[in-house]
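Visitor: Before I ask anything, let me first share the structure, which is written out below as structure tokens.
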Amino acid sequence: MKNHISYPLTIIVLVFILFSCSDQSVEKKEQETKTEAIEPQDEVGTEDFYFFLPSPIQIAHILKRSGLLFSAEWINDPAKYDQYQTRTAGLLNLGVYTGDLAYCILNDRTEESLKYINSIKKLSDKLDMSEIYYSDNTMTRIESAVNNKDSLVNFIISTQENLSDYAYSSNQLSILMITFAGAWVETVYIGAHADNESPERVGETLSEEMGILKNLIDGLESTVQDNPEISTLTTQLKDFEQKMYSRDGENKPINFSSDQIEILKKEIAIIRNNITNN
Amino acid sequence: MYNKIIALIFTIGILLSLSFKSEDYKTCNVEEALKACKRKLIPFSFQDRKTITFKYEADKQMNEYEVQLFNGERYRIVLNSTYSPGVEFEIYDGKKTNKTRKLLYDSRKDKDEGDLLIYHPETIPYIYIDVIIPSSKNQNQEGCATIMIGYELTFVD
Numbered sequence: 001m002k003n004h005i006s007y008p009l010t011i012i013v014l015v016f017i018l019f020s021c022s023d024q025s026v027e028k029k030e031q032e033t034k035t036e037a038i039e040p041q042d043e044v045g046t047e048d049f050y051f052f053l054p055s056p057i058q059i060a061h062i063l064k065r066s067g068l069l070f071s072a073e074w075i076n077d078p079a080k081y082d083q084y085q086t087r088t089a090g091l092l093n094l095g096v097y098t099g100d101l102a103y104c105i106l107n108d109r110t111e112e113s114l115k116y117i118n119s120i121k122k123l124s125d126k127l128d129m130s131e132i133y134y135s136d137n138t139m140t141r142i143e144s145a146v147n148n149k150d151s152l153v154n155f156i157i158s159t160q161e162n163l164s165d166y167a168y169s170s171n172q173l174s175i176l177m178i179t180f181a182g183a184w185v186e187t188v189y190i191g192a193h194a195d196n197e198s199p200e201r202v203g204e205t206l207s208e209e210m211g212i213l214k215n216l217i218d219g220l221e222s223t224v225q226d227n228p229e230i231s232t233l234t235t236q237l238k239d240f241e242q243k244m245y246s247r248d249g250e251n252k253p254i255n256f257s258s259d260q261i262e263i264l265k266k267e268i269a270i271i272r273n274n275i276t277n278n
Numbered sequence: 279m280y281n282k283i284i285a286l287i288f289t290i291g292i293l294l295s296l297s298f299k300s301e302d303y304k305t306c307n308v309e310e311a312l313k314a315c316k317r318k319l320i321p322f323s324f325q326d327r328k329t330i331t332f333k334y335e336a337d338k339q340m341n342e343y344e345v346q347l348f349n350g351e352r353y354r355i356v357l358n359s360t361y362s363p364g365v366e367f368e369i370y371d372g373k374k375t376n377k378t379r380k381l382l383y384d385s386r387k388d389k390d391e392g393d394l395l396i397y398h399p400e401t402i403p404y405i406y407i408d409v410i411i412p413s414s415k416n417q418n419q420e421g422c423a424t425i426m427i428g429y430e431l432t433f434v435d
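Given below as structure tokens:
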């Protein structure tokens with residue numbers, strides 16, 4: 001009887017000692033490797049891109065805060081949603097409309113905002129993505145609170161989150177990048193062309209917005225393959241980036257001169273019109 | 279003989295329970311990890327998120343993520359290692375290739391705060407989040423770490 005008890009007890013004690021020693025050795029090894037340089041080849045394999053995207057309403061807000069005024073002249077026609085025939089053109093213009101919607105909301109243009117929400121709904125239906133933009137009775141909530149800026153802002157924030165969930169869970173990060181590309185191009189286009197009550201701040205603000213461009217190009221290239229429309233867009237964006245280099249030696253935004261702003265206006269208009277007139 | 283078999287089964291049971299307890303691995307539940315991040319993000323608004331899924335290896339691994347921060351905006355970063363025991367987060371003002379970069383945040387200093395950590399960045403225009411996966415004897419054990427970024431809504435009443 002004595003042997004029957006001591007046998008498992010001995011093994012338990014031995015196992016416990018073994019695991020205690022093992023944990024200590026791993027801990028020691030971690031401490032030792034802590035100071036070692038980690039080489040790039042140690043990166044975890046993933047098809048993801050290595051940066052975080054800003055929100056479309058946030059990039060519109062940066063421009064609004066710099067004194068950007070509202071002008072309907074520079075936004076895309078909400079009635080054009082039906083002319084976008086390819087999936088890529090649809091996704092790009094879904095982003096464009098999101099940029100326009102953010103611009104309208106931040107300028108308290110409720111009537112225009114609702115037109116863009118309607119166009120986004122119809123375009124997302126065409127793209128079989130309506131559940132992203134109209135989950136949780138979003139449309140009902142929007143329509144019942146037409147004068148409520150909070151509801152409109154929440155629409156953009158929640159759809160951004162839904163889009164992100166959809167893209168990651170279905171492994172379609174290209175959707176995230178293409179729609180963001182449309183929103184970014186539209187916002188920079190508006191920011192460069194619309195009147196500004198503080199024109200002296202335009203150069204610095206646009207330069208800050210340009211800081212996203214390199215990641216945008218990388219993101220499109222890493223998530224979209226064999227797509228002639230996106231290849232054309234990335235070529236244009238690369239050319240744009242070269243012409244509008246926006247960083248100083250410390251990687252901080254420079255203040256664009258008026259000549260540089262003129263070049264930017266011309267270049268971004270070409271890219272933007274290629275998207276909206278597709 | 280019967281007692282010996284019982285004793286052996288008992289021993290194997292103890293052995294197995296000890297081996298699981300020593301590393302405290304949990305099966306990845308990305309949905310739950312994101313929900314936890316979202317709760318911790320409030321009152322900031324959702325901007326973007328990343329889920330890093332990986333397998334522990336004999337060597338230490340690392341991923342680096344760039345975040346552009348705009349002047350005058352306020353941000354919150356939520357770091358979740360619930361499903362990735364041992365994973366640490368370091369945040370710098372420069373890329374890993376920049377030898378003079380400054381460490382802004384180290385999750386090891388918040389060890390007592392649990393697996394769900396918060397950082398409010400103040401450095402502009404870029405910060406870099408390094409996700410460091412430790413070496414492990416339990417190779418092929420899967421883990422997932424989640425990062426969520428939010429910004430403060432300053433433009434609504």
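These protein sequence lines map, in sequence, to chains A and B. By the count of the numbering used here, the first sequence reaches residue 278 at its end, each step adding exactly one. By the count of the numbering used here, the second sequence reaches residue 435 at its end, each step adding exactly one. Glycine included, every Cβ here is placed at the ideal spot set by N, Cα and C. Quantities reported herein were computed from a predicted structural model and do not represent experimental measurements.
Which two residues bound the contiguous alpha helix (DSSP H) that contains A:Gln236?
Guide: 228-243 is the span of the alpha helix (DSSP H), which, as asked, contains A:Gln236.
Visitor: Which residue marks the beginning of the beta strand (DSSP E) containing A:Arg109, and which one marks its end?
Guide: Where A:Arg109 is concerned, there is no enclosing beta strand (DSSP E), given that its DSSP letter is neither H nor E.
Visitor: Opposite B:Lys318 in the DSSP bridges: which residues?
Guide: In the DSSP output, where bridge partners are listed per residue, B:Lys318 has none listed.
Visitor: Apart from the five residues on each side of it in sequence, which residues of its chain come closer than 6 Å, Cβ to Cβ, to B:Ile411?
Guide: Phe332, Gln339, Val365.
Visitor: Using a 10 Å radius around the Cβ and a threshold of 16 neighbouring Cβ atoms, would you call A:Lys115 buried or exposed?
Guide: A:Lys115 is buried by the Cβ-count criterion.
Visitor: Which residues, in order along the stretch 339-354 of chain B, keep a beta-carbon less than 8 Å from a beta-carbon of chain E?
Guide: Included in the structure are the protein chains A and B, with no chain E among them.
Visitor: CB-CB under 8 Å to A:Ser113, same chain, minus the five flanking residues each way: which ones, in chain order?
Guide: Leu101, Cys104, Ile105, Leu152.
Visitor: Among B:Gly372, B:Asn307, B:Asn358, B:Glu430, whose alpha-carbon lies nearest the alpha-carbon of B:Asp393?
Guide: The residue with the shortest Cα to Cα distance from B:Asp393 is B:Asn358.
Visitor: Less than 8 Å between CB atoms is the rule here; does B:Ser385 satisfy it with respect to chain A?
Guide: False, the Cβ-Cβ gap to chain A never drops below 8 Å.
Visitor: I need the DSSP call for A:Pro253, collapsed to helix, strand or coil.
Guide: It is a strand residue.
Visitor: According to DSSP, is B:Ser323 helix, strand or coil?
Guide: Reduced to three states, the DSSP call for B:Ser323 is strand.
Visitor: When we look at the beta-carbon of B:Glu342 and count the other beta-carbons within 10 Å, is it buried (16 or more) or exposed?
Guide: Burial call: buried.
Visitor: Using 8 Å as the Cβ pair cut-off and three pairs as the minimum, do the stretch 377-392 of chain B and the stretch 312-323 of chain B touch?
Guide: Segments in contact, no.
Visitor: Taking Cβ-Cβ distances shorter than 7 Å, what residues in chain B pair up with A:Ile157?
Guide: Ordered by position in chain B, the residues that pass the 7 Å Cβ test against A:Ile157 are Ser323, Phe324.
Visitor: Does B:Pro403 get closer than 8 Å to chain A when you measure Cβ to Cβ?
Guide: Yes, contact with chain A.
Visitor: Answer yes if the stretch 204-217 of chain A comes into contact with the stretch 155-165 of chain A, meaning at least three C-beta pairs across the two stretches below 8 Å, and no otherwise.
Guide: Taking 8 Å as the limit for Cβ pairs, the verdict is that the stretch 204-217 of chain A does not touch the stretch 155-165 of chain A.
Visitor: Nearest-angstrom Cα distance between B:Glu335 and A:Glu131?
Guide: The alpha-carbon atoms of B:Glu335 and A:Glu131 are separated by roughly 39 Å.
Visitor: Specify the secondary structure class of B:Gly447 as computed by DSSP and reduced to three states.
Guide: For chain B, the structure presents residues 279 to 435; residue 447 of chain B sits outside this window and is missing.
Visitor: Let me check understanding here. Comparing Cα to Cα, which of A:Ser207, A:Lys238, A:Ile270 lies closest to A:Ile254?
Guide: Considering only alpha carbons, the answer is A:Ser207.
Visitor: Is it buried or exposed, A:Gly203, if we count other Cβ atoms within 10 angstroms and call 16 or more buried?
Guide: With 16 or more other Cβ atoms within 10 Å, it is buried.
Visitor: A:Pro199: buried (16+ other C-beta within 10 angstroms of its C-beta) or exposed?
Guide: Exposed, by the Cβ-count rule.
Visitor: Could you spell out where the beta strand (DSSP E) holding A:Gly203 opens and where it closes?
Guide: Note, A:Gly203: premise wrong, no beta strand (DSSP E); alpha helix (DSSP H) at 202-210.
Visitor: Could you check the C-alpha separation between A:Thr232 and A:Lys149 for me, to the nearest Å?
Guide: Taking the straight line from one Cα to the other gives about 37 Å.
Visitor: Does any residue of chain A bring its CB to less than 8 Å from the CB of B:Tyr370?
Guide: No, because no Cβ of chain A sits closer than 8 Å to the Cβ of B:Tyr370.
Visitor: Could you give the DSSP three-state label for B:Leu431: helix, strand or coil?
Guide: DSSP places B:Leu431 in coil when its eight states are reduced to three.
Visitor: On the DSSP letters alone, give me the boundaries of the beta strand (DSSP E) that B:Leu381 sits inside.
Guide: It spans 381-384 - the beta strand (DSSP E) in which B:Leu381 sits, taken as one unbroken run.
Visitor: Based on Cα-Cα distance, which residue from B:Ala314, B:Lys415, B:Pro399 lies nearest to B:Glu351?
Guide: Looking at the Cα atoms, B:Pro399 is the closest of the given residues.
Visitor: Mind checking who B:Ala374 pairs with in its DSSP beta bridge?
Guide: In the sequence as displayed, the identity of residue 374 of chain B is Lys instead of Ala. B:Lys374 is not bridged to any residue.
Visitor: Using a Cβ-Cβ distance cut-off of 8 Å, determine whether B:Arg317 contacts chain A.
Guide: B:Arg317 does not count as touching chain A.
Visitor: Specify the secondary structure class of B:Glu330 as computed by DSSP and reduced to three states.
Guide: Sequence check: residue 330 of chain B is Ile here, not Glu. Correct three-state label for B:Ile330: strand.
Visitor: Does any CB atom of chain B fall closer than 8 Å to the CB of A:Leu53?
Guide: Yes - at least one Cβ of chain B is within 8 Å of the one on A:Leu53.
Visitor: Taking 8 Å as the CB-CB cut-off, is A:Ile117 touching chain B?
Guide: No - not a single Cβ of chain B is within 8 Å of the one on A:Ile117.
Visitor: Run the CB neighbour count on A:Pro56, radius 10 Å, all protein chains shown included, and call it buried at 16 or more, exposed below.
Guide: Buried, since its Cβ has 16 or more Cβ neighbours within 10 Å.
Visitor: If contact is defined by three or more beta carbon pairs under 8 Å, each pair taking one atom from either stretch, is the stretch 190-197 of chain A in contact with the stretch 238-254 of chain A?
Guide: The stretch 238-254 of chain A, when compared against the stretch 190-197 of chain A, does not touch it at the 8 Å Cβ threshold.
Visitor: By the 10 Å Cβ neighbour count, where 16 or more other Cβ atoms means buried, how is A:Ile270 classified, buried or exposed?
Guide: A:Ile270 should be labelled exposed.
Visitor: Is the beta carbon of A:Asn154 sitting closer than 8 Å to the one on A:Thr276?
Guide: In this structure, A:Thr276 does not lie closer than 8 Å to A:Asn154 by Cβ.
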